[in-house]
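Asks: Take a look at this one; I'll ask things after.
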Amino acid sequence: MSLNDYYRISLMALVIVMLCSCTKSGSQGPLTVVSYGGGAYQQSHKTAFCEPFAQSTGIQVNSVVWNADYGKLKAMVESGNVSWDVVDVTAAEYARGRRESLFAKLSERPREDEFLPNSIADDGVANVYWGTVLAFNRSAFPSKQPKSWADFWNVKEFPGARALYDDPRGNLEFALLADGVSREQLYPLDVERAFRKLDEVKPQIRVWWTDGTQPVQLLLNNSVAVSSAWSGRIYASPQAQSDISYTFNGAGLELDYWVIPRGSQNVAAASRFIAFSSQPETMARQAELVGYGPVNVQALSHVSEKAKSQLPTFKANWDVSFVINSEWWALNEERIKTRWLSWKGK
Amino acid sequence: MVGTKRGAHQDSMAKLEGKIGKRRRIQPTVAIGASALLLLMSGLYWFPLMWWLAKNLLGDRTSLPADLPFIALVERTLIVSVVGATISIIAAYPLMLIWRLSGVVAKQITVSLMVIPMVMGLLARNYSWLGMLASNKPLPSMGWSWLGGASLMYTRLSVYIVMTCVFIPISFFILIQGASYVSQSHLDAAKTLGTPDWKIVFVVVLPLTFRAAALAFGLTLAMSVGFFITPHMIGGGKVDFISNAILTFVNFGRFGLASKLALNFVAIMMVPAAVIMVYAFRRRRLVSGR
């Protein structure tokens, strides 16, 4: 091959690549379902929703992971190059996404009478209540065990390193609860007071965790003695179940929503998937796997008694925990996250 | 006689010019190919970069939040990066000497030991450190107790250690390129003059590999300031870099703010970069390549 031929071929290849990259991929392919964080939660989505849906409808489902990085979803919708069809978002992201018109209208909706009030809207369906709980390694506290956020702050009676989620949402509420604010009077949050209270425990925080599996590992390998943790991650791990205890006292509960990003090519199939995943039997299957509370009230009758007692929506747990106010956070999150960065860096 | 000589000289000069002229003539396909590649480079690299700079400098009026610890983040990023890059070069030097002064088998082993961590990937290396230092299994706790064991993890020191280990292979491969300047005749001459081995390293090897060390430092530093996974993962969220703050705003969908923060950081980094470039151009090292 001469040098001229080489250049000719390179040039042709270049033109082909450029043409291909300019062509918008708008063809209908398999349904892409995006779940939070990987690990047990995503696995529960795969086992309870994606695989049965694919078997039932013949529509291929790709289960992928995201880390609730809202910017990615926003950029995808605004660029018009949407590759996700169904996304599992937190309540705060849902509230913000609605204001910024990021979600498409569902073409099919589940039966509203089976759900907790205000769970279903034109552009999203609530999925589960999940909880951030106070967790500790049993071996670290053989006699007296921490039972509240006040105990988390009490480093004299409950010594040992601590870990908290690297996000102000939830932590500010826990600080206020530890400072004596009642669950009913948490909102609007007294941000100054919360940060002052967080100052007290900051030297004891060994890790600001970012991933749901992290606190479980930190507690299991004794890197920390007490931590906040997502209850489902402990529930789903047999080793964690035997070595780690947790309490729903003062737990922060949040709703997750199914949404369809605006610009998705598979709105009909995506709506069908959401309706399928909202059925009592499928939701109960997920609850058994990950221990989060289904929003479809009929689902509870399909959940075993053993699993039921560990769900955030179980009455005994629900009565001692609080629901994180997503509307308040959607309005204030940016300001407080910036302050969080500053506070953490000091 | 003189005229004949001059004529012959003119002939040979004309031949030479003809040859050069022939060489300089560019084939049309080559020109098209080169132009296409240049266009691609401009489209994919220079244009977005210039557009980003122009947009931020002229169009965007976003200002950084007053309570953002920008200076603290920049300071931490630079200190950790400079320390990591420096130690990685110091640690890579003995490996380079082993490589330079050993036989073929030892050279192959040294290179293999450097290549393996590079192909493992950054995330796998981070997790291996986490597994090694933060595990409660008997072997790591025994092996690493002298380093502080599990208590070493999630500290600034652990970030220094892991980042240094990440950069050692990179520094090593740049240094061994520099080692090619160390000729055997130089070493033999120093030995013949009775110079002890340790002194040969300082008076022969170090000056000849200084340029490669500077290049390794520059490259690892440039890579390091952009890190965000290792500082957060190994530092337990307490040793965050400027990139972690940028990522926070990106994740939050505040692209303008993230962009502004990045631009401010680039502006600060331009100062040492400019000093190095001016120095390098003055010494003609970037022009001559020597």
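Chain order of the listed sequences is A and B. Mapping the first sequence onto the numbering used here, position 140 (from 1) lands on 170, and the numbers just tick up by one. Mapping the second sequence onto the numbering used here, position 138 (from 1) lands on 208, and the numbers just tick up by one. We put the beta carbon where it would ideally sit given N, CA and C, even for glycine. Please read these numbers as outputs of a predicted model, since none were measured by experiment.
Starting from the C-beta of A:G67, find all residues in its chain whose C-beta is less than 7 Å away, skip the five residues before and the five after it, and write them out in chain order.
Replies: V95, N97, D241, G242
Asks: Roughly how many angstroms lie between the CA atoms of A:S74 and B:N314, to the nearest whole one?
Replies: 30 Å
Asks: Quick one: is A:Y100 near chain B, going by C-beta distance under 8 Å?
Replies: yes
Asks: Closer than 8 Å by C-beta to A:Q271: which residues in its own chain qualify, once you throw out the five before and the five after it? Chain order, please.
Replies: I264, Y265
Asks: Of all Cβ atoms in chain A, is any one closer than 8 Å to the Cβ of B:D258?
Replies: no
Asks: Given this structure, state the Cα-to-Cα distance separating B:P277 from B:M188, to the nearest angstrom.
Replies: 28 Å
Asks: Is A:W114 closer than 8 Å to B:G306 when the C-beta atoms are compared?
Replies: no
Asks: Straight-line CA distance for A:R213 to A:G280?
Replies: Here the C-alpha atom of A:R213 lies approximately 8 Å from the C-alpha atom of A:G280.
Asks: What separation, rounded to the nearest whole angstrom, lies between the Cα atoms of A:V350 and A:D286?
Replies: 20 Å
Asks: For A:I150, is the classification buried or exposed, using 16 other Cβ atoms within 10 angstroms of its Cβ as the cut-off for buried?
Replies: The residue in question, A:I150, is buried, as its Cβ has 16 or more Cβ neighbours within 10 Å.
Asks: Take A:Y100 and list the residues in its own chain whose beta-carbon comes closer than 6 Å to its own, dropping the five residues that flank it on each side.
Replies: E123
Asks: Looking at chain A, which residues of the segment 297-312 of chain B have a Cβ within less than 8 Å of any of its Cβ atoms?
Replies: Taking 8 Å as the Cβ-Cβ cut-off against chain A, the residues of the segment 297-312 of chain B that qualify are H302, G306, G307, K308, D310.
Asks: To the nearest angstrom, how far is it from the Cα of B:Q247 to the Cα of B:A282?
Replies: Between the alpha carbons of B:Q247 and B:A282 lies a distance of about 7 Å.
Asks: Between the alpha carbons of A:P198 and B:Y224, how many angstroms are there, rounded?
Replies: Rounded to whole angstroms, A:P198 and B:Y224 show a C-alpha spacing of 20 Å.
Asks: When you compare each of A:Q90, A:A84, A:S86, A:G69 to A:G59 by their alpha carbons, which one comes out closest?
Replies: Distances from the CA of A:G59 to each of A:Q90, A:A84, A:S86, A:G69 were compared; the closest alpha carbon is that of A:Q90.
Asks: Does the CB of A:W4 have a neighbour CB from chain B at under 8 Å?
Replies: No answer is possible for residue 4 of chain A: it lies beyond the span of chain A, which begins at 31 and ends at 376.
Asks: Below 8 Å on the Cβ atoms is my guess for A:S356 versus A:P140; work out the distance and round it to an integer in Å.
Replies: That belief does not hold up - the Cβ atoms of A:S356 and A:P140 are roughly 20 Å apart, past 8 Å.
Asks: Considering only C-alpha positions, which residue in the set B:V181, B:P239, B:I157, B:L109 is nearest to B:I191?
Replies: The question names Ile, but residue 191 of chain B in the sequence shown is Gly. For the residues B:V181, B:P239, B:I157, B:L109, the minimum Cα distance to B:G191 belongs to B:P239.
Asks: Are the C-beta of A:D286 and some C-beta of chain B separated by less than 8 Å?
Replies: No, A:D286 lies away from the interface with chain B (no Cβ there is under 8 Å from its Cβ).
Asks: Give a yes or no on whether 8 Å exceeds the smallest Cβ distance from A:S65 to chain B.
Replies: no
Asks: By Cβ distance below 7 Å, which residues in the same chain neighbour A:K367 in space, the five residues on each side in sequence not counted?
Replies: P198
Asks: Could you tell me the distance, in whole angstroms, from the CA atom of A:A337 to the CA atom of A:R236?
Replies: 32 Å
Asks: Between the Cα of B:F297 and those of B:A343, B:A260, B:I186, B:N196, spot the shortest distance and give me the residue it belongs to.
Replies: Nearest of B:A343, B:A260, B:I186, B:N196 to B:F297, Cα basis: B:N196.
Asks: Taking B:A142 as the query, report the chain A residues whose CB atoms sit under 7 Å from its CB, ordered along the chain.
Replies: G375
Asks: What distance in whole Å lies between the Cβ atoms of B:G129 and A:K104, which are believed to be in contact at a cut-off of 8 Å?
Replies: Their Cβ separation, rounded to whole angstroms, is 20 Å, which puts A:K104 and B:G129 out of contact at 8 Å.
Asks: Figure out for me which residue from A:D181, A:V297, A:F306 has the closest Cα to the Cα of A:D209.
Replies: A:D181
Asks: By Cβ distance, which residues of its chain are closer than 6 Å to A:K54, with the 5 residues on each side in sequence left out?
Replies: Only weak support is given to the placement of A:K54: the predicted model assigns it a pLDDT of 44, under 50, and the value that follows is read from those uncertain coordinates. So no residue of the chain qualifies.
Asks: Using three-state DSSP, classify A:I366 as helix, strand or coil.
Replies: When DSSP states are grouped into helix, strand and coil, A:I366 belongs to the helix group.
Asks: Does the segment 147-160 of chain B come close enough to the segment 286-294 of chain B that 3 or more CB-CB pairs lie under 8 Å?
Replies: yes
Asks: For the alpha helix (DSSP H) that B:D258 lies in, which residues bound it at each end?
Replies: 254-262
Asks: Buried or exposed: which applies to B:F351, given that a residue is buried once 16 or more other Cβ atoms fall within 10 Å of its Cβ?
Replies: exposed
Asks: Around the Cβ of A:S51, are there at least 16 other Cβ atoms within 10 angstroms (buried) or fewer (exposed)?
Replies: Model confidence at A:S51 stands at a pLDDT of 49, short of 50, so the residue's coordinates are unreliable and nothing is read from them.
Asks: Name the two residues that bound the continuous beta strand (DSSP E) containing A:R236.
Replies: Unbroken beta strand (DSSP E) run through A:R236: 235-239.
Asks: For A:D196, go through chain B and note every residue whose CB falls closer than 7 Å to its CB, in chain order.
Replies: G307
Asks: Any chance the CB of A:H75 is under 7 Å from a heavy atom of the ligand GDP?
Replies: Among the components of this structure there are no ligands whatsoever, and the ligand GDP is therefore not found.
Asks: My output table needs one value for A:S212: the three-state DSSP class, helix, strand or coil.
Replies: It is coil, neither helix nor strand.
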